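Chemist:
Residue numbers (this note's numbering): 1 to 111.
Encoded structure:
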């Protein structure tokens with residue numbers, strides 16, 4: 001697994017439920033090797049412009065993601081997950097979108 005991969009894992013939700021869902025692997029953290037991940041949802045109504053990343057079925061690189069339908073990568077939906085609890089990759093985020101995601105995350109934490 002590597003940064004930018006999209007895999008499936010269980011992630012705590014804000015309502016207290018735990019759901020098995022796609023996640024984007026953002027960064028593997030030392031020394032444990034756990035991953036900082038970002039949740040992916042097909043509920044595009046939660047999209048936050050200039051913060052989240054919208055992945056549309058009509059995008060040229062959509063098939064690379066392994067997602068089943070248009071989705072958003074929600075920067076407000078972060079978690080830390082042990083590598084052993086992450087299933088193998090279902091796809092990946094192209095490098096340009098990954099860089100925008102990381103840039104948006106850094107900008108939001110430096111204000």
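C-beta atoms are modelled at their ideal positions from N, C-alpha and C, and glycine is treated no differently. Since this is a predicted model, take the numbers as computed values, not measurements.
#1: Quick check: the Cα distance between residue 102 and residue 95, rounded to an integer number of angstroms?
#2: What are the boundary residues of the alpha helix (DSSP H) that includes residue 63?
#3: In or out: residue 48 buried (at least 16 other Cβ within 10 Å) or exposed?
#4: On the DSSP letters alone, give me the boundaries of the alpha helix (DSSP H) that residue 100 sits inside.
#5: Would you call the region 79-97 and the region 28-38 in contact, with 3 or more CB pairs under 8 Å?
#6: Helix or strand or just coil, what does DSSP make of residue 92?
#7: Can you tell me whether DSSP reads residue 44 as helix, strand or coil?
#8: Hey, quick one: how far does the beta strand (DSSP E) through residue 22 stretch, first residue to last?
Modeler: In terms of the structure at hand:
#1: Working through the chain shown from its first residue, we reach residue 102 at position 102. Working through the chain shown from its first residue, we reach residue 95 at position 95. Using only the alpha carbons, I get a separation of about 11 Å.
#2: As a first step, residue 63 is located in the chain shown; it is residue number 63 there, counting from the start. Per DSSP, residue 63 belongs to the alpha helix (DSSP H) from 62-65.
#3: The count along the chain shown starts at 1 and reaches residue 48 at position 48. By the neighbour-count criterion, in which a residue is buried when 16 or more other Cβ atoms sit within 10 angstroms of its Cβ, residue 48 is exposed.
#4: As a first step, residue 100 is located in the chain shown; it is residue number 100 there, counting from the start. Segment 95-109, the alpha helix (DSSP H) holding residue 100.
#5: yes
#6: As a working mapping, residue 92 is identified with position 92 in the chain shown. Strand at residue 92.
#7: Against the chain shown, residue 44 aligns to sequence position 44. Helix, per DSSP.
#8: The residue labelled residue 22 in the question sits at position 22 within the chain shown. Per DSSP, the unbroken beta strand (DSSP E) holding residue 22 starts and ends at 18-28.
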